[in-house]
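Number of protein chains: 2
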Amino acid sequence: MENTAQVGIIIVSHLDYGASILRTAEFILGPLSDCCSISVELSDQVADTVRRLDDAAKLLDKGAGVIILTDMFGGTPTNLALALLGKLNVEVVTGVNLPMLMKVFTERDKSLEEVARQAHEAGTKGIVVAGSMLRNKTKANEG
Amino acid sequence: MENTAQVGIIIVSHLDYGASILRTAEFILGPLSDCCSISVELSDQVADTVRRLDDAAKLLDKGAGVIILTDMFGGTPTNLALALLGKLNVEVVTGVNLPMLMKVFTERDKSLEEVARQAHEAGTKGIVVAGSMLRNKTKANEG
């Protein structure tokens with residue numbers, strides 16, 4: 001049976017970084033649905049943030065699961081997201097950047113596992129040392 | 001002769017994403033100097049943004065050059081940054097994420113080329129499909 005629901009998308013980050021990258025994706029792609037950002041501040045009670053995350057993941061799971069993108073492995077936002085693994089149908093991908101987020105939005109009709117795989121691929125391939133790359137291309141063309 | 005100046009850091013992005021990730025780095029690392037973010041909006045005149053970028057790169061180059069981190073290859077912010085290559089002592093790394101930015105701030109006493117290499121490495125290694133990784137670890141421990 002094919003799953004016709006879209007994967008839900010949550011960004012968990014320190015401060016308002018998640019909200020900001022989400023606004024940028026929306027600025028480029030147009031209005032986006034079934035997504036949210038959750039900000040983790042030092043002053044927040046951990047229990048309160050876990051509850052907000054848990055609520056959001058349940059709300060956004062329309063049958064295809066939820067991908068949680070976090071700012072950095074080892075940080076509190078990531079650790080709180082990891083606590084949901086095994087309890088809800090979620091996958092956590094760390095180190096969110098714009099290429100990853102754009103890919104997740106355009107491929108969210110795939111399975112959760114596949115969306116996570118593509119998030120990883122788009123995020124890493126989107127990191128390019130541009131000057132070095134362009135110099136190498138120029139050398140190759142001259143060689 | 002050893003270069004004692006630090007590499008300058010600029011983030012160029014759509015909207016306020018650059019300012020937001022910079023605030024997050026500052027929240028974690030404490031006050032940061034010789035860095036700035038430049039926001040590119042559709043309504044901005046391209047010439048004006050190029051001038052702001054050019055001014056910032058000149059101001060932040062204390063002798064060790066400037067690394068420009070951008071949100072996404074192919075986007076206007078990246079294209080404007082690439083226009084500075086060859087004219088000023090800058091390197092451009094696309095797909096900025098928090099692990100990359102943290103690394104750049106902690107390694108900025110290295111050469112510009114080395115900072116760019118480490119930015120790429122930290123950015124890509126910081127992208128992890130955490131659930132999949134943890135499940136594989138569990139399997140390996142059981143196997």
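Residue numbers (the working numbering), protein chains in the order written: chain S, 1 to 143; chain E, 1 to 143.
No residue lacks a Cβ here, since even glycine has one placed at the ideal position from N, Cα and C.
It should be emphasised that the depicted structure is a prediction, and the values quoted were computed from it without experimental measurement.
Scanning the segment 36 to 90 of chain S for uninterrupted alpha helix (DSSP H) segments of 4 residues or longer gives 46 to 60, 76 to 82, listed from N- to C-terminal end.
Taking C-beta atoms under 8 Å as the contact rule, E:G18 and E:S37 qualify, at a distance of about 3 Å. Beta bridge pairing from DSSP links S:V92 with S:I68. When secondary structure is reduced to three states using DSSP, E:I11 falls in the strand class. Taking 9 Å as the CB threshold, S:D54 stays off the interface with chain E. Burial state of E:T138 is exposed, judged by a 10 Å Cβ sphere holding fewer than 16 other Cβ atoms. Collapsing the DSSP output to three states places E:V115 in a helix. The secondary-structure analysis by DSSP pairs S:V129 across a beta bridge with E:V93. The shortest CA-to-CA distance from E:L69 to any of E:R117, E:E41, E:D48, E:P31 is the one to E:R117. In the structure shown, S:K137 falls within a helical segment according to DSSP collapsed to helix, strand and coil. Taking all protein chains in view, the Cβ of E:L59 is surrounded by fewer than 16 other Cβ atoms within 10 Å, so the residue is classified as exposed.
Going by DSSP, S:A5 is part of no alpha helix (DSSP H) at all; its letter is neither H nor E.
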